[in-house]
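Q:
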Amino acid sequence: MVMEKNDVLVKVENLKKYFPIYGGILQKVVGYIYAVEDASFYIRKGETLGLVGESGSGKTTVGRILVKLEEPTEGKIFYNGSNVTNIKGSELKKYRRKAQIIFQDPYASLNPRMTIKDSIIEVMRVHHLHKGEEYNNALRLMEKVGLSEEHLYRFPHELSGGQRQRAVIARALAVEPEFLILDEPTASLDVSVQAQVLDLLKELQEKYNYTYLLITHNLAVVRYVSERTVIMYRGMWVETSRTKELFNKAEHPYTQALLKSVPIPDPEVKKDKFLISGEPPNPTTPVKGCPFADRCPYVMDVCKNEMPPIENVGDEHKVRCWLVTRK
Amino acid sequence: MSEKVLEVKNLRVEFYTYRGIVKALNGVNLDLNKGEILGLAGETGSGKSVTGLSILRLLPQNARVVEGEIIFKGRDLLKIPEKEYNLLRGKEINAIFQDPHTYLNPVFTIGEQFRDILLSKKDSENNSSKVDDKKIEEIMVSALKDVKMPAVDRVLKMYPHELSGGMKQRVMLAIAFSLQPSLIIADEPTTALDVTIQAQVLEIMKELQRKYNTSIILITHDLGVIAETCQKVAVMYAGRIVEYGKVSDVFKNPLHPYTKGLMEALPRADVDVKVKSIPGTVPDLVSPPSGCAFHPRCPYAMEICKRQAPKPSYVKERVVECHLYS
């Protein structure tokens, strides 16, 4: 599949986000949480990009910045070629119609005192869409996500977890977006229901050419859904590639460790265990050198002091590791 | 050949709620041999945690065991007086839960609460003897070394919030194994942890289990964890065990349509698979479906499935509750 440059819908360059820590009697800034140190990636139209990392890797913060729920400390976001990093007012409202986010817990994202119908129609009213046609449109959305008319009159607590997540997806689609940020969309669902929701998302993408950023810690889900993947560690991207290549030919020791740590539901698969010791570093100290250095089994002196440069190791496969640079 | 540590017979548990009576367990039968790890798999509401809590006798107030026996080393745990059970719990049977944060007291140091636990169990063993402080110190240090805790002396003086999730769960493991119980109920012990940390914790658990020949019931929704950790697996659905057997058999050739469905619904990190979801949702246990509880979602449902609950069928070394096999 040959893609042209102008197919890129979302582009993120060197995104940084530091959260200030306040302390003392005067509540002065006493330090920072270095949540995101460097996130850079692009997503093509109609493509799914997986953003993978463990807790504290900064992946959720990146998602929140992308829908402008947080302001980045540094870096740029381009949407359809135009810089949306600092947009405000009506421009921002327009952007929000294009980019929607779906969170992990569907119960927390729905107003418990509103029926699904009211939740969906409210969104259309805010954006002045489908005047007079709101109800019919809500009905169409329900069908799109595999729910029926009766569900429109239910309150969130009257739906099961899977149905609730479908309702949240329906509401996100109400503004006719192009770009959906899926932040752990199935982490709170059971396996059998997770498969239903993942298939729904894939089906919607095929039909309507949505662009997805899938934020998750679940490598199996990423392999199933996304075409390309970015691995983040401690606020920094360490490897990115087409998903298939990443799973077969991971170059970064962290990616390798991650892949070998996932329990495989097949007792016949004998894995060569590659356990890494230790835990991710404290996010309140800025990273000097490679963020993975203190857990890496192949660590060298240079890793501790200097950030490894970006190396191209294949078609769209980039990695940041001194081992690769020095090979 | 092997000695039976635990035998659960026809266990039925009900919860009394404002919505009505929730039939959480509808006749659970389980065997556990010495030194064996049994995985208890199932989705939310399948009754896997309730089974664990019943064995520990830690069910909430609104729950009641309606029927059944839990035989542990020849005695029915349900008939032992509370006082006596308190001595058993911790020494003979112990537990590890999902969220170590809720099970460690935030206002005491690790050392203080660990010592308290050991003291309470020690006293019971021999009321007259004065507690040997040095001995307790030794047990604590060796237990923490067992779980590969770095800087043990410092950890003993720390408060739970000073430790990371993985470290806290190691403390829980250390406490659970410190008195070398015969049985440990581990309820989603690694669910809250990152995969790289999960791998560390599971490795330590397996190592200690081998060292002390402990029997473990590992409750988890993660079939991957079961495949890598357990010898046997019991798959639960709507308060019953629908399939029970060796991990190698069940994963290779699942017999029950629900087990099959679960395996097919699972995306995998190691190979590309076509995922197939199970239609519908888990039943409401206030009014479970008639006959086999899985029949509304089952692709092989027959007439009899709607009317009659299947009896356990024995296929080789496996137990399956499905009309397809009776």
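Those protein sequences? They're chains A and B, same order as listed. Counting from 1, one number per residue, gives the positions in the first sequence under this note's numbering. Counting from 328, one number per residue, gives the positions in the second sequence under this note's numbering. The beta-carbon is built from N, C-alpha and C at its ideal position, and this holds for glycine as well.
#1: What residues in the segment 210 to 235 of chain A bring their beta carbon closer than 9 Å to a beta carbon of chain B?
#2: Using a cut-off of 7 Å between C-beta atoms, extract the partners of A/GLU279 located in chain B.
#3: Give the secondary structure of B/TYR412 by DSSP, where H, G and I count as helix, E and B as strand, and everything else as coil.
#4: Use the C-beta contact count for B/ALA478: other C-beta atoms within 10 angstroms, 16 or more gives buried, fewer gives exposed.
#5: What are the complete alpha helix (DSSP H) segments, minimum 4 residues, inside the segment 446 to 517 of chain B?
#6: Can you tell me where the beta strand (DSSP E) holding A/GLY31 begins and where it ends?
#7: Please go through the same chain and pick out, in chain order, the residues whose beta-carbon is closer than 7 Å to the beta-carbon of B/ALA628, but skip the five residues on each side of it.
#8: For A/ALA172, tell me which candidate among A/ALA195, A/GLU122 and A/LYS131 has the shortest Cα-Cα distance.
#9: Assign B/HIS650 to one of three DSSP states: helix, strand, or coil.
#10: Roughly how many angstroms separate the alpha carbons of A/GLU71 and B/VAL349, rounded to a whole number?
#11: What do you get for A/ILE65, buried or exposed, if any count of 16 or more other CB atoms within 10 angstroms of its CB means buried?
#12: Looking at the secondary structure, which residues open and close the beta strand (DSSP E) in which A/ARG320 lies?
#13: If you compare alpha carbons, which of B/ARG384, B/ALA422 and B/THR523 is closest to B/ILE407?
#14: Rounded to the nearest angstrom, what separates B/SER604 and A/LYS244 at their Cα positions?
#15: Can you tell me whether A/LEU189 is helix, strand or coil according to DSSP?
#16: Please identify the residue among B/ILE631, B/GLU591 and B/ALA596 whose C-alpha is closest to the C-alpha of B/VAL306.
#17: Does DSSP put B/GLU555 in a helix, in a strand, or in coil?
#18: From the DSSP secondary-structure annotation, give me the bridge partner or partners of A/GLY50.
#19: Would you mind telling me which residues of chain A sit closer than 9 Å to B/PRO610, beta carbon to beta carbon, in chain order?
#20: Kindly indicate which residue of A/VAL8, A/ILE43 and A/GLU54 has the alpha-carbon position closest to the one of A/GLU184.
#21: Might you give, ordered along the chain, the residues of its own chain that have their beta carbon closer than 8 Å to the beta carbon of B/LEU431, omitting 5 neighbours on each side?
#22: Is it buried or exposed, A/ALA174, if we count other Cβ atoms within 10 angstroms and call 16 or more buried?
#23: Skipping 5 residues on each side, what residues in its chain have a beta carbon closer than 8 Å to that of A/THR115?
#24: For chain B, check one thing: does any of its Cβ atoms lie closer than 7 Å to the Cβ of A/ILE169?
#25: Among A/THR325, A/GLN163 and A/SER277, which residue has its Cα nearest to the Cα of A/GLU251?
#26: So what's B/ASP521 in DSSP terms, helix, strand or just coil?
#27: At a CB distance below 7 Å, what residues from the segment 335 to 349 of chain B approach chain C? Give them in sequence order.
#28: DSSP three-state call for B/LYS573: helix, strand or coil?
#29: Along chain A, which residues have their Cβ under 9 Å away from the Cβ of B/VAL562?
#30: Along the chain, where does the alpha helix (DSSP H) containing A/GLN100 start, and where does it finish?
#31: For B/LEU665, name the three-state secondary structure that DSSP assigns.
#32: Could you name the residues of chain A that B/GLY362 contacts, counting a contact when the two beta carbons are closer than 7 Å?
#33: Using C-beta distances below 8 Å, list every residue in its chain close to A/VAL67, excluding the 5 sequence neighbours before and after it, in chain order.
#34: Quick check on B/GLY366: does DSSP put it in helix, strand or coil?
#35: Along chain A, which residues have their Cβ under 8 Å away from the Cβ of B/LEU589?
#36: Output yes if chain B places a C-beta closer than 7 Å to the C-beta of A/ILE116; else output no.
A: Looking at the atomic coordinates:
#1: HIS217, ASN218, LEU219, ALA220, VAL221, VAL222, ARG223, TYR224 and VAL225
#2: For this step, residue 279 of chain A is matched to residue 279 along the first sequence. Simply SER491, GLY493 and ILE524.
#3: Taking the first residue of the second sequence as 1, we reach residue 412 of chain B at position 85. Helix at B/TYR412.
#4: One-based indexing of the second sequence puts residue 478 of chain B at position 151. So B/ALA478 ends up on the exposed side.
#5: 460 to 473, 479 to 483 and 492 to 505
#6: On the first sequence, residue 31 of chain A is found 31 positions in, with the first residue counted as 1. Start and end: 28 to 44.
#7: Position 301 of the second sequence, counting from 1, holds the residue named residue 628 of chain B. Answer for B/ALA628: HIS622, listed in chain order.
#8: As a working mapping, residue 172 of chain A is identified with position 172 in the first sequence. The shortest C-alpha separation from A/ALA172 is found at A/GLU122.
#9: Here residue 650 of chain B refers to the residue found at position 323 when the second sequence is read from its first residue. B/HIS650 falls in the helix class under three-state DSSP.
#10: Position 71 of the first sequence holds residue 71 of chain A. Position 22 of the second sequence holds residue 349 of chain B. Rounded to the nearest angstrom, the two C-alpha atoms are 47 Å apart.
#11: To locate residue 65 of chain A, count along the first sequence from 1; it is residue 65. With 16 or more Cβ atoms within 10 Å of its Cβ, A/ILE65 is classed as buried.
#12: Translated into positions along the first sequence, residue 320 of chain A becomes position 320. First-last of the beta strand (DSSP E) with A/ARG320: 317 to 320.
#13: As a position in the second sequence, residue 407 of chain B is number 80, starting the count at 1. Among B/ARG384, B/ALA422 and B/THR523, the Cα nearest to that of B/ILE407 is on B/ARG384.
#14: Residue mapping note: residue 604 of chain B aligns to position 277 of the second sequence, counting from 1. Residue mapping note: residue 244 of chain A aligns to position 244 of the first sequence, counting from 1. So the alpha carbons of these two residues sit roughly 23 Å apart.
#15: Here the question's residue 189 of chain A lines up with position 189 in the first sequence. Coil.
#16: Here chain B covers residues 328 to 653 and nothing more, so residue 306 of chain B does not appear.
#17: On the second sequence, position 228 is the one that residue 555 of chain B refers to. Of the three classes helix, strand and coil, the one that applies to B/GLU555 here is helix, per DSSP.
#18: As a first step, residue 50 of chain A must be located in the first sequence, where it is residue number 50. DSSP lists A/LEU214 and A/THR229 as partners of A/GLY50.
#19: Against the second sequence, residue 610 of chain B aligns to sequence position 283. By Cβ distance, chain A contributes nothing, its closest Cβ being about 11 Å from B/PRO610, past 9 Å.
#20: Residue mapping note: residue 184 of chain A aligns to position 184 of the first sequence, counting from 1. Looking at the Cα atoms, A/GLU54 is the closest of the given residues.
#21: In the second sequence, counting from the first residue as 1, residue 431 of chain B sits at position 104. Answer for B/LEU431: ILE437, GLN440, PRO487, LYS495, VAL498 and MET499, listed in chain order.
#22: Mapped onto the first sequence, residue 174 of chain A falls at position 174. The residue in question, A/ALA174, is buried, as its Cβ has 16 or more Cβ neighbours within 10 Å.
#23: Within the first sequence, residue 115 of chain A is the residue found at index 115, counting from 1. Taken in chain order, the residues that qualify are LEU152, TYR153, ARG154 and PHE155.
#24: In the first sequence, counting from the first residue as 1, residue 169 of chain A sits at position 169. So, not an interface residue.
#25: Against the first sequence, residue 251 of chain A aligns to sequence position 251. For A/GLU251, the nearest C-alpha among the options comes from A/THR325.
#26: Counting from 1 along the second sequence, the entry for residue 521 of chain B is found at position 194. Residue state, collapsed to three classes: coil.
#27: This model lacks chain C altogether; the protein chains it does include are A and B.
#28: Residue mapping note: residue 573 of chain B aligns to position 246 of the second sequence, counting from 1. In this structure, B/LYS573 counts as strand in the three-state DSSP scheme.
#29: Looking up residue 562 of chain B in the second sequence gives position 235. Within 9 Å Cβ-Cβ: nothing; B/VAL562 doesn't reach chain A, min ~12 Å.
#30: In the first sequence, residue 100 of chain A corresponds to position 100, counting from 1. It is not in any alpha helix (DSSP H) - A/GLN100 instead sits in the beta strand (DSSP E) that spans 99 to 102.
#31: Chain B is shown from 328 up to 653; residue 665 of chain B falls before or after that span and cannot be answered.
#32: Along the second sequence, one-based indexing puts residue 362 of chain B at 35. Simply none; closest approach about 18 Å.
#33: On the first sequence, residue 67 of chain A is found 67 positions in, with the first residue counted as 1. If we look at A/VAL67 and ignore the five residues flanking it on each side, its Cβ neighbours are ARG96, ALA99, GLN100, ILE101 and ILE181.
#34: If you number the second sequence from 1, residue 366 of chain B lands on position 39. Strand, per DSSP.
#35: Here residue 589 of chain B is taken as the residue at index 262 of the second sequence, counted from 1. The contacting residues are VAL191 and SER192.
#36: Numbered from its first residue, the first sequence carries residue 116 of chain A at position 116. Taking Cβ atoms only, chain B never reaches closer than 7 Å to A/ILE116, which makes this a no.
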